[in-house]
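Trainee: First residue of the sequence shown? That's 411 in the numbering used here, and the numbers climb one at a time after it.
Don't be surprised by glycine CBs; every beta carbon is placed ideally from N, CA and C.
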Amino acid sequence: KNNSDIFSTYTVKFVEIPEPKSFDGMTSIQVANAEASDEPQAASHGYYRWCVLDNDINSRWTAQGGGNWILLELEEETTVDNLMIAFYNPTKKERGTYFGINVSADGENWELVWSGTSDKKAQNGTYQQYELGGKTAKYIRLDCNGNTSQGITAGWNNIAEIVVTKKDTEPSVTATPEP
411 KNNSDIFSTY TVKFVEIPEP KSFDGMTSIQ VANAEASDEP QAASHGYYRW
461 CVLDNDINSR WTAQGGGNWI LLELEEETTV DNLMIAFYNP TKKERGTYFG
511 INVSADGENW ELVWSGTSDK KAQNGTYQQY ELGGKTAKYI RLDCNGNTSQ
561 GITAGWNNIA EIVVTKKDTE PSVTATPEP
């Protein structure tokens, strides 16, 4: 047998996840990993799951139609107050994304904490804030179901950036008694 018949060649790209963008009154939480249900345009257009973490508003993750998801694994289990999400919408059309936000401590038992449609009028690069109510999580999953202009089955899910945050805490002040 020819050795070329039993070996495959793979290219692996290692991506360093940068420090997340910061927002006033919030502390960004570092994401350790991102997974996705599908990456149909990864090879042809470069739309990979890790693009939602690269601080580049012009890159993105895409998947067509309902039933797709993107999963973020945090570095450690922590309290999560908000997701800041920038949806990719360069056409200036009114287009919202149908999606839900789920949290989990173990990656198996999920709690739906938000469900609805993104702001249809938000322009590309605009972060939208989704409040999660101080949930404890190690994993966050966005269940994406198409968009308002193309529908659930044909509509593309386009997410440019996701930043996980918690509220800043005020520093505690300890009174020192006078002698």
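I want to see whether chain B comes within less than 8 angstroms of G456, judged by CB atoms only; does it?
Mentor: Any reference to chain B falls outside this structure, which holds one protein chain only.
Trainee: Jot down the residue ranges of each uninterrupted beta strand (DSSP E) in the segment 451 to 498, minimum 3 residues, whole runs only, in chain order.
Mentor: 471 to 474 and 478 to 497
Trainee: I need the DSSP call for T546, collapsed to helix, strand or coil.
Mentor: Under the three-state reduction of DSSP output, T546 falls in the strand class.
Trainee: Assign P430 to one of two classes, buried (16 or more other C-beta atoms within 10 Å of its C-beta) or exposed (fewer than that).
Mentor: By the 10 Å Cβ count, P430 comes out buried.
Trainee: With K531 as the anchor, note down where its beta strand (DSSP E) starts and where it stops.
Mentor: Boundaries cannot be given for K531, as no beta strand (DSSP E) includes it and DSSP labels it neither H nor E.
Trainee: Kindly list the residues whose CB is nearer than 7 angstroms to the CB of A496, restricted to its own chain and excluding five residues on each side of it in sequence; keep chain order.
Mentor: I467, G535, T536, Y537, A570 and E571
Trainee: I'd like to confirm the pairing. Which residues does DSSP put opposite G594 in its beta bridges?
Mentor: Absent from the structure is residue 594, since the part of the chain shown begins at 411 and ends at 589.
Trainee: Which of the three DSSP states, helix, strand or coil, is assigned to A515?
Mentor: coil
Trainee: Considering only the alpha carbon of each residue, which of T546, A473, D578 and D464 lies closest to A453?
Mentor: Nearest of T546, A473, D578 and D464 to A453, Cα basis: A473.
Trainee: Using CA atoms only, rank isn't needed, just tell me which of G517, Y540 and A515 is closest to T527.
Mentor: Y540
Trainee: Using three-state DSSP, classify F509 as helix, strand or coil.
Mentor: strand
Trainee: At the level of alpha carbons, what is the spacing between T507 and H455?
Mentor: Cα-Cα distance, rounded: 20 angstroms.
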